[in-house]
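Reviewing the structure listed below.
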Amino acid sequence: MSLSLSDQKAKIISVFLVFVLALGIAICGWNNALAAPLKGNPEIMGRWETLPMPPPENRMQSVHTIVLPNGKVLMVNGSSFRSLLVRENGEDKFTQFTEGVDVKNYNVINNTGLLDPETGKIEKIPSPPAMQHGTTNDLFCVGHIQLANGNVLFVGGTGRYYPGGAFTGTKQINLYDWKTGEWKDLGEMKEGRWYPSLISLADGKVVIFSGLKWGGPNQINPTIEIYDPKTEKLSYFDPTTIKNSPFNTKVESGDVYDSIDLYPRVFPLADGRLLITGDEAGIAGVLVPHSSKKSYLMSIKEDASGKLSISFEVGPDRAETSKAYGTALQVPNSEDVLLLGGIIGTNSIAFGRGGNTSGFPGAKVVASLQHWVSPANSGEKNGKWEIFPNFLDTPRANLQAVILPTKEILVVNGGQYPEYLPVYEPLLMTPDATAAAGYKTQSLNRAKLPRLYHNGAVLLPDARVLVLGGNANRAAREKDGTVHVDIIGDQTSFFKFAKLHNKLGESEEFALNTFYEDPQHYFAENDKEPFVPAEIWQGEIFSPPYLFKTGSRPEIIGAPDTLKYGQPGTITVKDGTKEASVVLVKLGAVTHSFDYGQRLAELPIQVLQDGSLVQFTAPENANLYPPGYYMMFYLNDSGKPSVAKMVKLEA
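The letter at position 143 of the sequence shown is residue 143 when you use the UniProt record's numbering, and the numbering goes up by one with no holes.
Here it is in structure tokens:
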């Protein structure tokens, strides 16, 4: 069989890349060879571009990254997990790192921005007030989700930093209005929440899970609250008193009750139940550590008077113990769920820092994929779990999984440890019924910058993927607002300035511009791996291979602004084809390796005329596809997507 010219080129490039990698390993060793910039054909391996470095006053990471209906991206950080630098007795040099910052100071928590993907520029915008209802109002480690009208609901956040990495959560509820750019105070919850998860329901209500309490450090809040945007009221539930809830179910290992840990990975199902997977993004030192193979299903009922009630069923056991800082997503156009990577045996982000794994017996970062197969696909009432232990190309923690319009999944960011050994190469998961776990995988062109803890990745309306942020450590802030990122951990003094040298072994002071020109330039003392600053302030955008397919890119030139569940509609397309597909992708809302917004629905369509007219039917199931704003993509017969038309799905 003869190869086309493009296939011949791809084969030559692949052979060349293998040769270069082998040569790099022989000369430099494995880790340094992987750090070398390899570039493959963008038609096969995609292409990266680096966004402009913001001016000093606009530099921030993006702990919370949310796509808005106007296409801009909201970046929220609050106090941003920084330490305070203190000078003693008027000395010129810093003498102490104080853990935590003064979150009552507005200048400390005012780290919110809007990124315009078309220009790549970040505009700093006001944050909500530092004090509200007489208590702190820091949006660091808050829970968030877009409501049906596109406004963003924020609940909880950081109440107080305690020595040793302990925290409390606030009771605050804040709302960001995407049209006006203004913040609204919606009152308080009954209890504090730090690291909570928010899940949208079919009627627009929002379920709030977990978080750390307000009253004392590192106490998990077991209660569940449901917020109704129409009334701006909350319903409150205590699962510790409800049969079959995690808090009334013993784990496999002994006479210990289960729990719902921090930032739990929870998903809506077609029948309205919620799947509580057991995976999370917890922290070390919680008073009730979570280690379980159990999953749960929660039901919500509303009586004629409007009163809500909840109940639980114990779901199928998983093949692997609950994991921290892995990612999770709902399979595109399905209610099935995938769990990818993460840490087993500890939920401490310090695990593996600097290559040190002592003090963490049995802990490991995994490369597994766990698949919850839904009742519709498994025949089991509550579904079943399958596991593929070595699915990823390398073990990863703090990774992201972005759903693409093609129903492919882009695995990006993270490291072989939570804050160490960054993985630069994305992994593309392409649906394939003959492959393990139903996906074939392919490594793509590597990113320029390391993205560890607190990174973000979201799909943009132009079908590219925006990547932001990343913590390798905690940055340090002076009282005048100056932020230092040349920080490493230290067992005796908590944190310290890094003693750095260049590739030649020569001592060298840290310079921000030098790092961003060459992220492999600096090395810390006694570390063979390149130094990663405490915060990453420059964004990147990845263009997947589908954008480099030959032929014209299709364009949606006419589409409705609003879709009704189960109702027909029509779009007009320029450069359409007779074979095509139309998908809706919900706007992303990501933090801590989990996107609370994204999910994909493929619409039934009929292509008319020469491909320029497409009739579709909107999704019928509001449980899986809750009301709100979605990106509508048209894909031609080669799988090349249009720029999305923003549409609002409603009852």
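C-beta atoms are modelled at their ideal positions from N, C-alpha and C, and glycine is treated no differently.
Under the assumption that residue i contacts residue j (Cβ atoms under 8 angstroms), give the Cβ distance between them as a whole number of angstroms.
{"i": "tyrosine 296", "j": "proline 246", "result": "6 angstroms"}
{"i": "glycine 354", "j": "aspartate 527", "result": "6 angstroms"}
{"i": "glutamine 615", "j": "proline 568", "result": "6 angstroms"}
{"i": "alanine 367", "j": "threonine 394", "result": "6 angstroms"}
{"i": "leucine 369", "j": "phenylalanine 351", "result": "Going by Cβ atoms, the distance from leucine 369 to phenylalanine 351 rounds to 21 angstroms, so no, they are not a contact pair."}
{"i": "valine 412", "j": "valine 467", "result": "6 angstroms"}
{"i": "tryptophan 194", "j": "threonine 158", "result": "6 angstroms"}
{"i": "alanine 202", "j": "alanine 589", "result": "Not a contact, Cβ separation roughly 18 angstroms."}
{"i": "glycine 165", "j": "glycine 285", "result": "6 angstroms"}
{"i": "asparagine 445", "j": "lysine 39", "result": "6 angstroms"}
{"i": "alanine 534", "j": "alanine 472", "result": "6 angstroms"}
Using only the alpha-carbon positions, how far apart do residue i and residue j sit?
{"i": "arginine 273", "j": "lysine 179", "result": "32 angstroms"}
{"i": "isoleucine 556", "j": "proline 619", "result": "19 angstroms"}
{"i": "leucine 339", "j": "lysine 479", "result": "41 angstroms"}
{"i": "glutamate 280", "j": "isoleucine 220", "result": "13 angstroms"}
{"i": "isoleucine 27", "j": "proline 69", "result": "For isoleucine 27, the predicted model reports a pLDDT of 38, less than 50, meaning its position is unreliable; a value from the coordinates is still stated below. Roughly 49 angstroms separates the two Cα atoms."}
{"i": "leucine 449", "j": "lysine 499", "result": "21 angstroms"}
{"i": "isoleucine 199", "j": "glutamate 320", "result": "24 angstroms"}
{"i": "lysine 301", "j": "threonine 572", "result": "41 angstroms"}
{"i": "glutamate 88", "j": "threonine 135", "result": "30 angstroms"}
{"i": "threonine 357", "j": "tyrosine 417", "result": "10 angstroms"}
{"i": "proline 604", "j": "asparagine 377", "result": "20 angstroms"}
{"i": "proline 196", "j": "glycine 505", "result": "45 angstroms"}
{"i": "glutamate 508", "j": "asparagine 105", "result": "34 angstroms"}
{"i": "glycine 341", "j": "arginine 396", "result": "5 angstroms"}
{"i": "glutamate 225", "j": "phenylalanine 209", "result": "7 angstroms"}
{"i": "glutamate 118", "j": "tyrosine 236", "result": "42 angstroms"}
{"i": "threonine 441", "j": "lysine 307", "result": "47 angstroms"}
{"i": "leucine 563", "j": "glycine 576", "result": "21 angstroms"}
{"i": "leucine 427", "j": "serine 292", "result": "28 angstroms"}
{"i": "isoleucine 349", "j": "proline 268", "result": "28 angstroms"}
{"i": "isoleucine 409", "j": "glycine 120", "result": "24 angstroms"}
{"i": "threonine 482", "j": "leucine 51", "result": "23 angstroms"}
{"i": "serine 374", "j": "serine 334", "result": "9 angstroms"}
Spatial neighbours of residue i within its chain, please: CB distance less than 7 angstroms, with the 5 preceding and 5 following residues excluded, ordered by chain position.
{"i": "proline 405", "result": "Ala463, Val583, Val585, Phe633, Leu635, Pro641"}
{"i": "proline 627", "result": "Ala148, Gly204, Leu649, Glu650, Ala651"}
{"i": "proline 163", "result": "Glu99"}
Count the other CB atoms, across all protein chains shown, that sit within 10 Å of the CB of residue i; report buried if there are 16 or more and exposed otherwise.
{"i": "aspartate 490", "result": "exposed"}
{"i": "aspartate 258", "result": "buried"}
{"i": "alanine 401", "result": "buried"}
{"i": "leucine 147", "result": "buried"}
{"i": "alanine 304", "result": "exposed"}
{"i": "glutamine 609", "result": "exposed"}
{"i": "histidine 133", "result": "exposed"}
{"i": "asparagine 513", "result": "exposed"}
{"i": "lysine 407", "result": "buried"}
{"i": "valine 86", "result": "exposed"}
{"i": "aspartate 486", "result": "buried"}
Short of 6 angstroms in beta carbon distance, which residues of its chain neighbour residue i, apart from the five on each side in sequence? Order them along the chain.
{"i": "alanine 447", "result": "Trp48, Tyr424, Glu540"}
{"i": "lysine 645", "result": "Ile556, Ala559, Met632"}
{"i": "tyrosine 625", "result": "Ala601, Pro619"}
{"i": "asparagine 58", "result": "Ile122, Lys124"}
{"i": "tyrosine 522", "result": "Leu500, Phe531"}
{"i": "glycine 211", "result": "Gly156, Gly169, Arg193, Trp194, Tyr195, Pro196, Asn221"}
{"i": "proline 389", "result": "Ser368"}
{"i": "threonine 231", "result": "none"}
If distances are taken between C-alpha atoms only, which option among the options comes closest to residue i?
{"i": "threonine 98", "options": "Arg474, Leu600, Ser543, Glu509", "result": "Arg474"}
{"i": "glutamate 579", "options": "Ser612, Ser235, Gln598, Ala589", "result": "Ser612"}
{"i": "aspartate 102", "options": "Gln132, Tyr161, Pro55, Glu123", "result": "Tyr161"}
{"i": "valine 155", "options": "Pro422, Tyr227, Gly254", "result": "Tyr227"}
{"i": "threonine 170", "options": "Glu191, Gly181, Lys384, Phe495", "result": "Glu191"}
{"i": "lysine 294", "options": "Asn382, Gly211, Glu225", "result": "Asn382"}
{"i": "asparagine 107", "options": "Val465, Asp116, Gly78, Ile349", "result": "Gly78"}
{"i": "isoleucine 310", "options": "Tyr263, Ile283, Thr357, Val207", "result": "Val207"}
{"i": "glutamate 188", "options": "Pro56, Ala324, Gly362, Met131", "result": "Met131"}
{"i": "phenylalanine 167", "options": "Gly282, Val373, Leu275", "result": "Gly282"}
{"i": "phenylalanine 81", "options": "Asp138, Lys496, Glu225", "result": "Asp138"}
{"i": "valine 337", "options": "Leu459, Gln598, Leu153, Gln61", "result": "Gln598"}
{"i": "lysine 250", "options": "Val314, Arg265, Thr277, Ile276", "result": "Val314"}
{"i": "proline 431", "options": "Leu421, Val458, Ile403, Pro229", "result": "Ile403"}
{"i": "glycine 113", "options": "Phe94, Ser83, Ile66, Leu84", "result": "Ile66"}
With a CB to CB cut of under 8 angstroms and the five nearest residues on each side skipped, what residues in its chain are close to residue i?
{"i": "lysine 549", "result": "Glu43, Ser638, Gly639, Lys640"}
{"i": "threonine 346", "result": "Ala284, Ala324, Phe360, Ala363"}
{"i": "isoleucine 242", "result": "Asn248, Ile310, Ser311, Phe312"}
Can you find a heavy atom of the ligand ZN that lies under 7 angstroms from the Cβ of residue i?
{"i": "glutamate 555", "result": "Here there are no bound small molecules, and the ligand ZN is not part of this structure."}
Give a yes or no on whether the minimum CB-CB distance between residue i and chain C is below 8 angstroms.
{"i": "arginine 451", "result": "Among the chains in the structure shown there is no chain C, since it carries only a single protein chain."}
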